[in-house]
Amino acid sequence: MAGTEARATDEAVAVDNRGMLCAQGILRLMRALGPLPPGQLVRVLSTDPAAEHDYPAWCTNTGHAFLRHEWQEGVIVSYLRKRAA
């Protein structure tokens with residue numbers, strides 16, 4: 872149907888991985904990315920210190936764009952963009 876395709880926005884979609892090991896968090900992130908449009912901004916919350924290394928490496932390996940990390944009250948907040956289709 873013309874005109875009904877999802878479009879990426881600059882409003883981040885949140886994926887809450889707090890309390891999970893990074894490998895579990897990456898699986899949750901993969902499921903969350905599935906229905907999102909290419910270019911969608913995603914904000915991942917994590918308490919696993921490995922997230923600082925694992926999310927950028929995962930993005931490099933899968934073609935998604937890793938943007939940055941921020942620390943907010945003991946939570947690692949990672950920003951990425953879903954790759955083009």
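In case it helps, this note's numbering puts the sequence shown at residues 872 to 956.
Using N, Cα and C, we set each Cβ at its ideal position, and we do this for glycine too.
In the three-state scheme derived from DSSP, where H, G and I count as helix and E and B as strand, residue 911 is classed as coil.
For residue 884 and residue 938, the gap between their C-alpha atoms comes out near 14 Å. Within the same chain, and ignoring the five residues on either side of residue 903 in sequence, the residues whose Cβ sits closer than 8 Å to its Cβ are 884, 886 and 913. Per the coordinates, the alpha-carbon of residue 925 lies some 21 Å from the alpha-carbon of residue 955.
With a threshold of 16 other beta carbon atoms within 10 Å, residue 942 falls short and is exposed. The beta carbons of residue 890 and residue 931 sit no closer together than 8 Å. Using a 10 angstroms sphere on the CB of residue 896, the tally of other CB atoms reaches 16 or more, which defines it as buried. Between residue 948 and residue 940, the C-beta gap is smaller than 8 Å, which places the two residues in contact.
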